[in-house]
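**Q** Residue numbers (the UniProt record's numbering): 1 to 183.
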Amino acid sequence: MAHWRNEYSAALAARDRREKANIALYNACMLLDKVYGLATAKLFRIASAGAQGAQYLTGVGDKHTANPAAGKSLAGPSVPDILAATRADLSEAQRARSELQARLTELSAELEKLRKRSTQDGRRIHTLESEDFQDELATLNLQLNMAEERSGRLQRENQELIDRWMARIGREAEAMNDASKFS
Numbered sequence: 001m002a003h004w005r006n007e008y009s010a011a012l013a014a015r016d017r018r019e020k021a022n023i024a025l026y027n028a029c030m031l032l033d034k035v036y037g038l039a040t041a042k043l044f045r046i047a048s049a050g051a052q053g054a055q056y057l058t059g060v061g062d063k064h065t066a067n068p069a070a071g072k073s074l075a076g077p078s079v080p081d082i083l084a085a086t087r088a089d090l091s092e093a094q095r096a097r098s099e100l101q102a103r104l105t106e107l108s109a110e111l112e113k114l115r116k117r118s119t120q121d122g123r124r125i126h127t128l129e130s131e132d133f134q135d136e137l138a139t140l141n142l143q144l145n146m147a148e149e150r151s152g153r154l155q156r157e158n159q160e161l162i163d164r165w166m167a168r169i170g171r172e173a174e175a176m177n178d179a180s181k182f183s
């Protein structure tokens, strides 16, 4: 009754090992996606803030032309500052992306190496099991041959004993018959 439970538990453990084998790869991809999403969102915010600042500075949509000096004080950071910050953030995001990409490549190579090793180990185990089975079979065949030889030898000895006993009984019977003729 406990046999099916052991098989079920073993199957669950194998599934867990298989699913957890790539967890580092999944985490690296998720982190890379988050970094890319944050960088994109930041670029969008900066671009929209820059567009609003440029609209204020050029006076687009206004009846009056805006004063550039007044635009700087009201709009916050200037467009070159925003652009510099955006470029710094972009370079940081690209650096982080390249680091994560390198880590992903490294983990992928390691995963492939582990898969190859697992395949080789599986083959080696199969070979060893096969060799063990063949050794066991050879041992059992040797024992069977020895048992058959012993059985044949014992049968021959038994037949010799029966023949000798029958010969002795035959001689005794003849001796009794001979003794009873002269009485």
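Where is the CB? At the ideal position from N, CA and C, for every residue including glycine.
Excluding the 5 residues flanking residue 35 on each side, which residues of the same chain have their C-beta closer than 8 Å to its C-beta?
**A** Position 35 of the sequence shown holds residue 35. Within the same chain, residue 35 has close Cβ partners 93, 96, 97, 100.
**Q** Measuring CB atoms only, is the stretch 36-49 touching the stretch 105-119, in the sense that at least three cross pairs come out at less than 8 Å?
**A** Counting Cβ pairs under 8 Å, fewer than three are found: no touch.
**Q** Return the chain-ordered list of same chain residues with a C-beta closer than 8 Å to the C-beta of residue 28, the five sequence neighbours on each side being excluded.
**A** The residue given as residue 28 occupies position 28 in the sequence shown. Closer than 8 Å at the Cβ level, and outside the excluded window around residue 28, lie 100, 103, 104, 107.
**Q** In whole angstroms, give me the CA-to-CA distance for residue 46 and residue 32.
**A** Here residue 46 refers to the residue found at position 46 when the sequence shown is read from its first residue. Here residue 32 refers to the residue found at position 32 when the sequence shown is read from its first residue. So the two alpha carbons sit approximately 21 Å from each other.
**Q** Counting along the chain, where does the alpha helix (DSSP H) carrying residue 22 start and finish?
**A** The count along the sequence shown starts at 1 and reaches residue 22 at position 22. First-last for residue 22: undefined, no H or E at that position.
**Q** Looking at the structure shown, is residue 78 part of a helix, part of a strand, or coil, going by DSSP?
**A** To locate residue 78, count along the sequence shown from 1; it is residue 78. Coil at residue 78, not helix or strand.
**Q** Which value, in whole angstroms, describes the spacing of the CA atoms of residue 149 and residue 4?
**A** For the purposes of this step, residue 149 is taken as the residue at position 149 of the sequence shown. For the purposes of this step, residue 4 is taken as the residue at position 4 of the sequence shown. Approximately 43 Å, taken between the alpha carbons.
**Q** When the Cα atoms are used, what is the spatial distance from residue 91 to residue 81?
**A** Here residue 91 refers to the residue found at position 91 of the sequence shown. Here residue 81 refers to the residue found at position 81 of the sequence shown. Approximately 15 Å between the Cα atoms of the pair.
**Q** Could you tell me the distance, in whole angstroms, from the CA atom of residue 21 to the CA atom of residue 122?
**A** Counting from one through the sequence shown, the residue named residue 21 turns up at place 21. Counting from one through the sequence shown, the residue named residue 122 turns up at place 122. About 17 Å.
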